[in-house]
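S.K.: In the numbering used here, the protein residues as written are 209 to 398.
C-beta: ideal position from N, C-alpha, C; glycine also.
Fair warning: this is a prediction, and the values are worked out from it, not measured in the lab.
1) Roughly how many whole angstroms lie between the Cα atoms of residue 376 and residue 347?
2) State buried or exposed for residue 301, treating a residue as buried only when at least 16 other CB atoms are found within 10 Å of its CB.
3) Which residue or residues does DSSP assign as beta-bridge partners of residue 376?
4) Can you tell me whether residue 312 is helix, strand or coil according to DSSP?
5) Go ahead and label residue 283 buried or exposed: buried means 16 or more other beta carbons lie within 10 angstroms of its beta carbon, across all protein chains shown.
6) Quick one: what's got a C-beta closer than 7 Å to residue 264's C-beta in the same chain, skipping five residues either side?
7) For residue 251 and residue 229, I'd like the C-alpha separation in whole angstroms.
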């Protein structure tokens, strides 16, 4: 598959994680896995349009970094309006050389190492311990997450917490963030 146009920006050592577009494909009992993988890559190539690629690059990321950020955003939040704000938070943190501190990245790294999901397990994916984006995607991405990376919100938030009320609460200061976490995240944040 290395010659597929959807993979032109994927580093050679990186897996297909993040590059297989999550879609339902028609199949029958004798459909080969390669057929489904190629259809998924075709779908990813369709969404990674020249315009989307240019917008990601204009933000200062490589396409691989853009796909990686989109995968993290997709694991953090599901609402489109929240995705663009989370992208803004991540861009701001990256520009400040601040840790991203994304729970899904830390848990992914632990799981990939055969460990229990943990925020403290030290893997290259743990953005509580390592600055910048993780080395690669942590899940498949969809178009709304890719668009959030390309078109981050024009806000100036530095923190967010997904509350028990299924609402993402954004804040600008650590004290605001801690107050929102205490107020809205009593179950999920344990």
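M.R.: From the atom records:
1) Residue numbering aside, residue 376 sits at position 168 when the chain shown is read from its first letter. Residue numbering aside, residue 347 sits at position 139 when the chain shown is read from its first letter. One C-alpha to the other measures close to 20 Å.
2) Within the chain shown, the letter at position 93 stands for residue 301. It counts as buried.
3) Along the chain shown, one-based indexing puts residue 376 at 168. Answer is 370, bridged to residue 376.
4) Translated into positions along the chain shown, residue 312 becomes position 104. When DSSP states are grouped into helix, strand and coil, residue 312 belongs to the helix group.
5) The residue given as residue 283 occupies position 75 in the chain shown. With at least 16 other beta carbons inside 10 angstroms of its own, residue 283 counts as buried.
6) Position 56 of the chain shown holds residue 264. Answer for residue 264: 271, 274, 357, 358, listed in chain order.
7) As a first step, residue 251 must be located in the chain shown, where it is residue number 43. As a first step, residue 229 must be located in the chain shown, where it is residue number 21. Straight-line Cα distance between these residues: approximately 6 Å.
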